[in-house]
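Residue numbers (the working numbering): 4 to 102. Glycine included, C-beta positions come from ideal geometry on N, C-alpha and C. Here the structure is a predicted model, which is why all the values come from computation and not from measurement. I have placed the structure first, in the form of structure tokens, so that the comments after it can refer back to it.
See below:
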């Protein structure tokens with residue numbers, strides 16, 4: 004029973020990490036191809052990705068301010084969230100191996 008719950012938690016965390024990676028790619032598309040607009044299945048994927056990843060990123064953004072580099076600002080909250088999810092996956096895997 005505990006192993007099943009651990010596997011479900013690991014799968015959910017892995018899917019969230021994958022959505023964060025997709026969000027990272029989608030955030031670079033307007034920079035590299037400003038005229039491109041998502042359509043069809045890609046639009047659904049983009050909307051789903053942003054709907055799921057926005058709440059935790061906005062919550063973290065209230066506490067973690069962007070790092071200023073001259074005229075640019077680097078949002079560190081994405082990296083903090085990515086690292087936190089990755090650490091939760093490692094911690095969950097350690098419990099699964101130990102169980």
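Note on geometry: alpha-carbon atoms of residue 20 and residue 67 lie some 20 Å from one another. Secondary structure within the stretch 24–77: the beta strand (DSSP E) runs of 3 or more consecutive residues, fully enclosed, are 70–72, 75–77 (chain order).
In the three-state reduction of the DSSP assignment, residue 88 falls in the helix class. At least 7 Å separates the beta-carbon of residue 51 from that of residue 25.
Three or more Cβ pairs closer than 8 Å define a contact, and the stretch 57–73 falls short of that threshold against the stretch 31–47.
Inclusion of residue 49 and residue 22 in the CB contact set at 7 Å is not warranted, their separation being larger than that value.
Leaving aside the five residues that flank residue 17 on each side, the residues in its chain whose CB is nearer than 7 Å to its CB run, in chain order, 92. Rounded to whole angstroms, the Cβ separation of residue 70 and residue 81 is 12 Å, and the two are not in contact under 8 Å.
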